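Let me begin by presenting the structure, written as structure tokens, before commenting on it.
Numbering (the working numbering), first residue to last: 56 to 181.
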């Protein structure tokens, strides 16, 4: 599927996951496109990961850094699945290429030997 130009041009997207009762929970996230798949990386213990394990249905829309979605923004439905360690590592490398803040954060973590929470990749197909 071809995502609309508004989504592809956006630096972040609003990723909406769903609680067991169906309540939507939007979260602004960075992403990269890898072919027709959108990939996101997040903390392995985050609530969005738990929600995806229970229900892989997600929606995305272009948003600003605070997660504000424009009133007429297109929302696109997708299916999420969690990536393994190697795939997550590859996704993190792709994110670091796209976002300088990711590169800087990774550099400081290595330089200062900071212990970081485990990360997990999320692949979204449409």
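Cβ atoms here follow ideal geometry from the backbone N, Cα and C, with glycine treated the same way.
Just so it is clear, the structure is predicted and the values come from calculations on it, not from any experiment.
Taking the alpha-carbon positions, what's the residue i to residue j distance?
| i | j | result |
| --- | --- | --- |
| residue 67 | residue 125 | 13 Å |
| residue 88 | residue 152 | 12 Å |
| residue 108 | residue 76 | 14 Å |
| residue 86 | residue 150 | 7 Å |
| residue 100 | residue 138 | 14 Å |
| residue 170 | residue 72 | 28 Å |
Since I believe residue j is in contact with residue i (beta carbons under 8 Å), could you give me their beta-carbon distance rounded to a whole number of angstroms?
| i | j | result |
| --- | --- | --- |
| residue 133 | residue 113 | 5 Å |
| residue 104 | residue 181 | Not a contact, Cβ separation roughly 20 Å. |
So is residue i buried or exposed if we call it buried at 16+ other beta carbons inside 10 Å?
| i | result |
| --- | --- |
| residue 69 | buried |
| residue 84 | buried |
| residue 144 | exposed |
| residue 81 | buried |
Between which residues of its own chain and residue i is the CB-CB distance below 7 Å, once the five residues before and five after are set aside?
| i | result |
| --- | --- |
| residue 59 | 129 |
| residue 147 | 96, 174 |
| residue 142 | 176 |
Residues in the same chain with beta-carbon distance under 8 Å from residue i, minus the five sequence neighbours each way, listed in chain order, please.
| i | result |
| --- | --- |
| residue 63 | 88 |
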